[in-house]
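In the order they appear, the protein sequences are chains V and H.
Letter by letter, the first sequence follows residues 0 to 339 in numbering that gives the first Met the number 0.
Letter by letter, the second sequence follows residues 0 to 339 in numbering that gives the first Met the number 0.
2 protein chains.
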Amino acid sequence: MTKHPVSLKDIASALQVSISTVSRALKNHPDISPEVTAKVQSLAREWNYSPNPLAMGLLRQQTKTIGVIVPDLVTYFYSSIISGIEQVAKENGYYIIISSSNESYEKEKECIENLLMSRVEGLIICLARDTVDYNHFDKIINNEMPLVFFDRICRTSEVSSVVTDNREIARELTIHFYDGGARRIAHIAGPQTLSIAKDRYEGYLSGLADCGFSADESLIKFTNLTESEATEATRQLLSLPKPPDAIFSVNDTVSFAAMKEIKRQGLRIPDDISLVAITDEFHATLVDPQLTNVMHPTYEIGQEAARLFLRQGKQGEKMVPMQVVLKSQLVVRASSVKPT
Amino acid sequence: MTKHPVSLKDIASALQVSISTVSRALKNHPDISPEVTAKVQSLAREWNYSPNPLAMGLLRQQTKTIGVIVPDLVTYFYSSIISGIEQVAKENGYYIIISSSNESYEKEKECIENLLMSRVEGLIICLARDTVDYNHFDKIINNEMPLVFFDRICRTSEVSSVVTDNREIARELTIHFYDGGARRIAHIAGPQTLSIAKDRYEGYLSGLADCGFSADESLIKFTNLTESEATEATRQLLSLPKPPDAIFSVNDTVSFAAMKEIKRQGLRIPDDISLVAITDEFHATLVDPQLTNVMHPTYEIGQEAARLFLRQGKQGEKMVPMQVVLKSQLVVRASSVKPT
DNA sequence: CTGAAAGCGCTAACAT
DNA sequence: ATGTTAGCGCTTTCAG
């Protein structure tokens, strides 16, 4: 049992040939005689040779690593996207290094610095909640490093991205509320600096318009996406003289905070208030009543992001930023169907 | 904006000194004159020099990466543990490569192969559900590579590990049921090849004994931890002539499957059946009624695992396998307190 | 005080 | 058909 992984040198000296012969034999180079090739390959297999990625990386000046930055690591949404990235990356011989910005702008900048120091070949990023300017991507863009944003995006004219049809689904969902009998449809929104929050807000307004409503300021609450602000927003909505009969919450954290607060006040879902969540199936069906939800194709988002990334890696292409828009899906469950 | 990261060579030629001088100046080697040192350091800072980890790795024959294998990536439990590993790893200049075994023995072996090919310095692993023999760790152990198991462990006399006090908490929990008035306490168990499942099962038996009960075979169901088997087990328990008045489920998947099935049958929790879950606070308080749960110090598990790993890296120590046992915590909520 | 050279594992010209 | 050499970025003897 050798302590160190076997190298070309080991094989070469065992077989009394040169290192380059071994190297060539391993890749079936036509110059090498069949006998030598056979001997080399069989010994390599026996000794379980595998090329040293560090040496290869140094030689080719490429680490085969993608840096991934997500706002957090512990929610299904991002975990699942990361799985998708990983799968495509692995299939293409890439590793990924995962960092969490913890929703912080400062931390996001730090992550980028660290990943660049680790010599990642490029980055796949979902912006932090607190990120409001986008200059920290200058270096990456100017260096023409592969860069892909997903979900929360920016600088779309320069950077490729993967998103879902937020605006459209928000509109659809608002109309769904209306069709279900709701007439005072509230929205707990997120920071308008965040693309997804903005898109969903706009979709909401557009849906309202389609139903012949104009926006009612008092029914719209902006939050920073934290549970506490979401709870407070819900409380305010519920204490309105004319409270809403439906709430569209901008993301999962907010959705569940709203649900908890509604129940805490003893109101019934959907009888008193209809609710939809933006979350996955497991969570939507875990609670009581089961939640109508917008399901995101998380795994696919990850896959697409990785594919966009790899496409940029290839020198040939002109690096025209591409935008992939995936469809999310509204799944109707009990929480938004009022008893007739 | 240079396309390639700056190297010692770049600095050396700019300053008309040798590469080795630059290398030494950067580490404040006493041999180098203060002036040169100053010049080098200032240029390095200006040009944002950072050493090439590939070159360093090749030189020192170490990649500074830890391979991490978890049964899945998308649940809070593992994500959170990974965060803990990551934090300690990063603090110590290590990267981690994360792989998922998807609960499969075959995939686990594959992951190990791949990680070894990536030249990780060692592994931190939580065994897959389907892993029943442990010979695939021979190579790692014989090579004296750092290896740490957590949660689901094996070969404890040879390998360091991090676990929680499963046996004790299962006992405590069983007694808690009894104290709450339950007299027919069922257990939906996991594969007895899995350390956690075995420990919890034994703790359950021990708790029963403490309450003056002997085990009732009909109240114990063994599952493979999938949602479908858990649902089926619950169904069988509920259809017993004398159904249980409390269910202790071995993990979160099983807990939530059981809860759903109980509700589906129109039974009330905790009135008809008390329930505890092994899950995190977010999920325990998300559902109705809120679940009494066993909380695991997930982040700490990760941190400890990483620390154990790093300790093994240091050559000095004799590599005596250590076992860290962390305390989990029983948090009583509505689901296990029967109305009096 | 500083430079030259070797070597980590590998590949790809460039010999032979 | 095979070997030699240089070089990727860095550290570390060994020589000045």
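C-beta atoms are modelled at their ideal positions from N, C-alpha and C, and glycine is treated no differently.
Short CB-CB distance (under 8 Å) between residue i and chain H
{"i": "V/Y94", "result": "yes"}
{"i": "V/T291", "result": "no"}
{"i": "V/L266", "result": "no"}
{"i": "V/S79", "result": "yes"}
{"i": "V/P243", "result": "no"}
{"i": "V/P70", "result": "no"}
{"i": "V/P345", "result": "The shown model of chain V, from 0 to 339, leaves out residue 345 of chain V, and the question about it has no answer."}
{"i": "V/L124", "result": "For clarity, residue 124 of chain V is Ile in the given sequence; the question names Leu instead. So no, V/I124 is outside the interface."}
{"i": "V/I187", "result": "no"}
{"i": "V/K26", "result": "no"}
Short CB-CB distance (under 8 Å) between residue i and chain V
{"i": "H/Y75", "result": "yes"}
{"i": "H/V233", "result": "Note that residue 233 of chain H is Thr in the sequence shown here, rather than Val. Taking Cβ atoms only, chain V never reaches closer than 8 Å to H/T233, which makes this a no."}
{"i": "H/T62", "result": "yes"}
{"i": "H/F255", "result": "yes"}
{"i": "H/S82", "result": "yes"}
{"i": "H/I18", "result": "no"}
{"i": "H/P145", "result": "no"}
{"i": "H/V323", "result": "no"}
{"i": "H/I246", "result": "no"}
{"i": "H/I97", "result": "yes"}
C-alpha gap between residue i and residue j, whole angstroms
{"i": "H/V73", "j": "H/L218", "result": "31 Å"}
{"i": "V/G179", "j": "V/A185", "result": "14 Å"}
{"i": "H/I272", "j": "H/A256", "result": "14 Å"}
{"i": "H/E231", "j": "H/R166", "result": "25 Å"}
{"i": "V/S395", "j": "V/W46", "result": "This structure does not reach residue 395 of chain V, given that chain V is present from 0 up to 339, and the question cannot be answered."}
{"i": "V/S99", "j": "V/L126", "result": "10 Å"}
{"i": "H/Q264", "j": "V/Q302", "result": "39 Å"}
{"i": "H/L193", "j": "V/Q60", "result": "44 Å"}
{"i": "V/I140", "j": "V/E157", "result": "8 Å"}
{"i": "H/R44", "j": "V/E260", "result": "52 Å"}
{"i": "H/L309", "j": "H/K138", "result": "19 Å"}
{"i": "H/H28", "j": "H/V39", "result": "12 Å"}
{"i": "H/L146", "j": "V/G83", "result": "27 Å"}
{"i": "H/K337", "j": "H/V331", "result": "12 Å"}
{"i": "V/R267", "j": "V/I300", "result": "35 Å"}
{"i": "H/L325", "j": "H/H295", "result": "8 Å"}
{"i": "V/A181", "j": "V/D244", "result": "6 Å"}
{"i": "H/L14", "j": "H/S22", "result": "13 Å"}
{"i": "H/G211", "j": "H/T278", "result": "28 Å"}
{"i": "V/V275", "j": "V/F136", "result": "35 Å"}
{"i": "H/S205", "j": "H/R199", "result": "10 Å"}
{"i": "V/F149", "j": "H/P240", "result": "54 Å"}
{"i": "V/K108", "j": "H/V162", "result": "35 Å"}
{"i": "V/Q191", "j": "V/K197", "result": "5 Å"}
Identified DSSP bridge partners for residue i
{"i": "H/L236", "result": "Partner(s): none; H/L236 has no beta bridge."}
{"i": "V/Q289", "result": "Beta-bridge pairing links V/Q289 to no other residue."}
{"i": "V/H186", "result": "V/I219, V/F247"}
{"i": "H/V67", "result": "H/I97, H/I123"}
{"i": "V/F149", "result": "V/V161"}
{"i": "H/S205", "result": "H/S205 is not bridged to any residue."}
{"i": "H/Q328", "result": "H/M294"}
{"i": "V/S273", "result": "V/A245"}
{"i": "H/S322", "result": "The sequence shown places Gln at residue 322 of chain H, rather than the Ser named in the question. In DSSP, H/Q322 forms a bridge with H/S160."}
Residue from the options whose Cα sits closest to the Cα of residue i
{"i": "H/I124", "options": "H/N165, H/Y77, H/G206", "result": "H/Y77"}
{"i": "H/N51", "options": "H/S6, H/V330, H/V293", "result": "H/S6"}
{"i": "V/E228", "options": "V/D164, V/C210, V/G189", "result": "V/G189"}
{"i": "H/P4", "options": "V/N91, V/L115, V/N101", "result": "V/L115"}
{"i": "H/E171", "options": "H/E201, H/R183, H/E109", "result": "H/E201"}
{"i": "H/I246", "options": "H/G211, H/Q191, H/T36, H/I187", "result": "H/I187"}
{"i": "H/V69", "options": "H/S213, H/N250, H/R151", "result": "H/R151"}
{"i": "H/E71", "options": "H/I97, H/G56, H/A276", "result": "Note on residue identity: the sequence assigns Asp, not Glu, to residue 71 of chain H. Checked all of H/I97, H/G56, H/A276; the closest Cα to H/D71 is H/I97."}
{"i": "H/L224", "options": "H/S238, H/A214, H/I195", "result": "H/I195"}
{"i": "H/A169", "options": "H/N250, H/Y93, H/E120, H/D215", "result": "H/N250"}
{"i": "H/R128", "options": "H/S103, H/M144, H/N142, H/I111", "result": "H/S103"}
{"i": "H/N292", "options": "H/Y133, H/T173, H/G56", "result": "H/T173"}
**Request:** Return the residues of the region 104-122 of chain V that lie within a Cβ-Cβ distance of less than 7 Å from chain H, sorted by chain order.
**Result:** M116, S117, R118
**Request:** Residues of the region 36-60 of chain H with a CB closer than 8 Å to any CB of chain V: list them in chain order, please.
**Result:** Correct list: S49, N51, P52, L53, A54, G56, L57, Q60.
**Prompt:** If contact means a Cβ-Cβ distance below 7 Å, which residues of the region 279-305 of chain V contact chain H?
**Reply:** The residues in question are L285, V286, D287.
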